[in-house]
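Participant:
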DNA sequence: ACAAAATAGTTGCTATAGCAACTATTTATA
DNA sequence: TATAAATAGTTGCTATAGCAACTATTTTGT
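Chains as they are written, first to last, in the numbering used here: chain A, 1 to 164; chain B, 1001 to 1164.
1. If you run the structure through DSSP and keep just helix, strand and coil, what is residue 1161 (chain B)?
2. Closest to residue 1131 (chain B) by C-alpha separation, out of B:1034, B:1089 and B:1050, would be which residue?
3. From residue 61 (chain A) to residue 87 (chain A), what distance separates their C-alpha atoms?
4. For residue 78 (chain A), report the span of its alpha helix (DSSP H) as first-last.
5. Per the DSSP calculation, residue 1116 (chain B) is bridged to which residue(s)?
6. Alpha helix (DSSP H) containing residue 46 (chain A): first to last residue?
7. If you measure beta-carbon to beta-carbon, which residues of the segment 1065 to 1085 of chain B are closer than 8 Å to chain A?
8. Do the segment 1064 to 1078 of chain B and the segment 90 to 100 of chain A make contact, defined as three or more Cβ pairs closer than 8 Å?
9. Going along chain B, which residues have a C-beta under 9 Å from residue 151 (chain A)?
10. Give the residues from the segment 112 to 144 of chain A that approach chain B closer than 7 Å (Cβ to any Cβ), ordered along the chain.
11. Is there a Cβ of chain A sitting closer than 8 Å to that of residue 1091 (chain B), yes or no?
12. Locate the alpha helix (DSSP H) running through residue 93 (chain A), then write down its first and last residues.
13. Counting only beta-carbon separations shorter than 8 Å, does residue 1042 (chain B) have a partner in chain A?
14. Tell me which same chain residues have a C-beta within less than 6 Å of the C-beta of residue 79 (chain A), skipping the five on either side of it?
15. Look up residue 56 (chain A) in the DSSP assignment and say whether it is helix, strand or coil.
16. Is residue 124 (chain A) helix, strand or coil when you go by DSSP?
17. Look at the Cβ atom of residue 149 (chain A), then the Cβ atom of residue 1032 (chain B), and state whether they are nearer than 8 Å.
18. Would you verify that the beta carbon of residue 1158 (chain B) is, or is not, closer than 8 Å to some beta carbon of chain A?
19. Report the rounded CA-to-CA distance for residue 40 (chain A) versus residue 54 (chain A), giving the unit in angstroms.
20. Along chain A, in chain order, which residues have C-beta atoms closer than 7 Å to that of residue 1096 (chain B)?
21. What is the DSSP secondary structure of residue 1144 (chain B), counted as helix, strand or coil?
22. Using the C-alpha atoms, what's the distance from residue 1115 (chain B) back to residue 1104 (chain B)?
23. When the cut-off is 8 Å and only beta carbons count, does residue 47 (chain A) lie next to chain B?
24. Note down the Cα distance separating residue 43 (chain A) from residue 1097 (chain B), rounded to an integer number of angstroms.
25. Distance check for residue 1110 (chain B) and residue 162 (chain A), CA to CA, integer angstroms please.
26. Put residue 1026 (chain B) into one of helix, strand or coil per three-state DSSP.
27. Does the beta carbon of residue 102 (chain A) come closer than 8 Å to any beta carbon on chain B?
28. Any idea if residue 122 (chain A) is buried or exposed, counting beta-carbon neighbours within 10 angstroms, 16 or more meaning buried?
29. If you draw a straight line from the alpha carbon of residue 1 (chain A) to that of residue 155 (chain A), how long is it in whole angstroms?
30. Could you give the distance in angstroms between the alpha-carbon of residue 1099 (chain B) and the alpha-carbon of residue 1070 (chain B)?
31. For the putative contact between residue 1102 (chain B) and residue 1118 (chain B), defined by C-beta atoms under 8 Å, what is the C-beta separation to the nearest angstrom?
32. Measuring only the C-alpha atoms, how far is residue 144 (chain A) from residue 151 (chain A)?
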């Protein structure tokens, strides 16, 4: 029984649009999808702030993390690992290239592919950024047990499965 | 102890970049923030698909839901209710206006404000869209108990609080 | 009453996301 | 082998998000 926002669902009433004028405390935030979205925005903004000193946007940072692990990956590889559209990868890689953190090298044996390598500046960033990311994750999960995190993960996974 | 992705955190090792080459199953998805983000994208895309037949984008739909409850709201009001930047509201309202779902009326007693009213087309949309949204929420929460939803809500709220 | 401050909206910029359509290159196949 | 199909990447378009800076209007404070 979760079709309606929690505030009305527990008292088991009819469809909410019918009494929109009567119960004014209905909020779109009561929809779990909206709540997840707003949470995501707050989380992303926090990461954005913390990475701003390094000229690294949050999603660009994910690319850098993969490259710090091992560079010379193709955009295709980055796209698969990050589960992002290849067009987004193209644009993020372009941005990282403009900032001088990576360079693109066309693959000789398959000239369709581009391999991404870290520049010195890009490599140097690792020791500064990784601690920031770790501190962020310590902060956001403070006072939350592994069991609770697993529970959130499990239920969000179920929601993903529910919508295919 | 959640600074590292779950796969390495349980065995209590040092910083992950140091053995990136050895343990290849580290995924950025193991970070709860990334997982939440990807979940949000999947959820949003599902809503987007279901609302596409009505020429309504997901966030535009939230504005419509507030207006179906009661129209004549100012953009300021919409901004506060949806916790969105006023610039986003301006652009979403412009889009809804272009599609002919709403009209803007400048407030006579305070000519800085604009009140948003539904057009006939916008009003007519309610009966078609609300069932789609309700079905979506039934679908995404299928097999998930109220207790589980509350737990997710509680823990996500704690994460929000952790980052202010 | 008048200047300063606050408020409501708009526009420009960057970053992200995802679809469609395109180029270039490689592979598969008749 | 010539052609079709697949693959890698790019560009254009729309939608969202948030910051900075701007206009217009109203309210405050002296």
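C-beta atoms are modelled at their ideal positions from N, C-alpha and C, and glycine is treated no differently.
Facilitator: Judging by the given coordinates:
1. Position 161 of the second chain, counted from the first residue, corresponds to residue 1161 (chain B). Reduced to three states, the DSSP call for residue 1161 (chain B) is helix.
2. Counting from one through the second chain, the residue named residue 1131 (chain B) turns up at place 131. The residue among B:1034, B:1089 and B:1050 with its C-alpha nearest the C-alpha of residue 1131 (chain B) is B:1050.
3. Within the first chain, numbered from 1, the residue matching residue 61 (chain A) stands at position 61. Within the first chain, numbered from 1, the residue matching residue 87 (chain A) stands at position 87. Distance between the alpha carbons of residue 61 (chain A) and residue 87 (chain A) is about 17 Å.
4. Here residue 78 (chain A) corresponds to residue number 78 of the first chain, with the count starting at 1. Unbroken alpha helix (DSSP H) run through residue 78 (chain A): 75 to 82.
5. To locate residue 1116 (chain B), count along the second chain from 1; it is residue 116. Assignment of beta-bridge partners to residue 1116 (chain B) by DSSP yields B:1073 and B:1104.
6. Numbered from its first residue, the first chain carries residue 46 (chain A) at position 46. Unbroken alpha helix (DSSP H) run through residue 46 (chain A): 32 to 51.
7. Residues passing the 8 Å Cβ filter: 1065, 1066, 1068, 1069, 1070, 1081, 1082 and 1083.
8. No, because fewer than three Cβ pairs between the segment 1064 to 1078 of chain B and the segment 90 to 100 of chain A fall closer than 8 Å, the two stretches do not touch.
9. In the first chain, counting from the first residue as 1, residue 151 (chain A) sits at position 151. Neighbours of residue 151 (chain A) on chain B, chain order: 1148, 1151, 1152 and 1155.
10. Listed by position, the residues of the segment 112 to 144 of chain A near chain B (Cβ gap below 7 Å) are 126, 130, 134, 137, 138, 139, 140, 141, 142, 143 and 144.
11. On the second chain, position 91 is the one that residue 1091 (chain B) refers to. It does not: the Cβ of residue 1091 (chain B) has no partner Cβ on chain A nearer than 8 Å.
12. In the first chain, the residue the question calls residue 93 (chain A) occupies position 93. Residue 93 (chain A) -> alpha helix (DSSP H) spans 86 to 98.
13. On the second chain, position 42 is the one that residue 1042 (chain B) refers to. Answer yes: the Cβ-Cβ gap between residue 1042 (chain B) and chain A drops below 8 Å somewhere.
14. By one-based count along the first chain, residue 79 (chain A) stands at place 79. Excluding five sequence positions before and after residue 79 (chain A), the CB atoms of its chain that fall closer than 6 Å to its own CB belong to 86 and 89, given in chain order.
15. Counting from one through the first chain, the residue named residue 56 (chain A) turns up at place 56. Residue 56 (chain A): coil per DSSP, three-state reduction.
16. Reading the first chain from its first residue, position 124 is the one you call residue 124 (chain A). Shown here, residue 124 (chain A) sits in a helix according to DSSP, grouped into three states.
17. What you label residue 149 (chain A) is simply residue 149 of the first chain in a count that begins at 1. What you label residue 1032 (chain B) is simply residue 32 of the second chain in a count that begins at 1. Cβ distance < 8 Å, so residue 149 (chain A) and residue 1032 (chain B) count as in contact.
18. Residue numbering aside, residue 1158 (chain B) sits at position 158 when the second chain is read from its first letter. Yes, residue 1158 (chain B) lies at the interface with chain A (some Cβ there is under 8 Å from its Cβ).
19. Here residue 40 (chain A) refers to the residue found at position 40 of the first chain. Here residue 54 (chain A) refers to the residue found at position 54 of the first chain. Taking C-alpha positions only, residue 40 (chain A) is separated from residue 54 (chain A) by approximately 22 Å.
20. Numbered from its first residue, the second chain carries residue 1096 (chain B) at position 96. Here the premise fails: no neighbours, minimum Cβ distance about 16 Å.
21. Your numbering for residue 1144 (chain B) matches position 144 in the second chain. The answer is coil: DSSP assigns residue 1144 (chain B) none of H, G, I, E or B.
22. If you number the second chain from 1, residue 1104 (chain B) lands on position 104. If you number the second chain from 1, residue 1115 (chain B) lands on position 115. The straight-line gap from Cα to Cα measures roughly 6 Å.
23. Here residue 47 (chain A) refers to the residue found at position 47 when the first chain is read from its first residue. Closer than 8 Å to some Cβ of chain B, the Cβ of residue 47 (chain A) qualifies, so yes.
24. Taking the first chain and counting its residues from 1, the one referred to as residue 43 (chain A) is at position 43. Taking the second chain and counting its residues from 1, the one referred to as residue 1097 (chain B) is at position 97. Rounded to the nearest angstrom, the gap between the Cα atoms of residue 43 (chain A) and residue 1097 (chain B) is 31 Å.
25. Taking the first chain and counting its residues from 1, the one referred to as residue 162 (chain A) is at position 162. Taking the second chain and counting its residues from 1, the one referred to as residue 1110 (chain B) is at position 110. For the pair residue 162 (chain A) and residue 1110 (chain B), the Cα-to-Cα distance works out to about 47 Å.
26. The residue you call residue 1026 (chain B) lines up with position 26 of the second chain. Reduced to three states, the DSSP call for residue 1026 (chain B) is coil.
27. Numbered from 1 along the first chain, position 102 holds the residue referred to as residue 102 (chain A). False, the Cβ-Cβ gap to chain B never drops below 8 Å.
28. Here residue 122 (chain A) is taken as the residue at index 122 of the first chain, counted from 1. Result: buried.
29. Looking up residue 1 (chain A) in the first chain gives position 1. Looking up residue 155 (chain A) in the first chain gives position 155. No answer about residue 1 (chain A) holds up, because its pLDDT of 38 lies below 50 and its placement is not dependable.
30. Indexing the second chain from 1 puts residue 1099 (chain B) at position 99. Indexing the second chain from 1 puts residue 1070 (chain B) at position 70. Answer to the nearest angstrom: the Cα atoms are 20 Å apart.
31. If you number the second chain from 1, residue 1102 (chain B) lands on position 102. If you number the second chain from 1, residue 1118 (chain B) lands on position 118. About 6 Å separates the CB atoms of residue 1102 (chain B) and residue 1118 (chain B); that is less than 8 Å, so the two are in contact.
32. As a position in the first chain, residue 144 (chain A) is number 144, starting the count at 1. As a position in the first chain, residue 151 (chain A) is number 151, starting the count at 1. Their Cα atoms are separated by approximately 11 Å.
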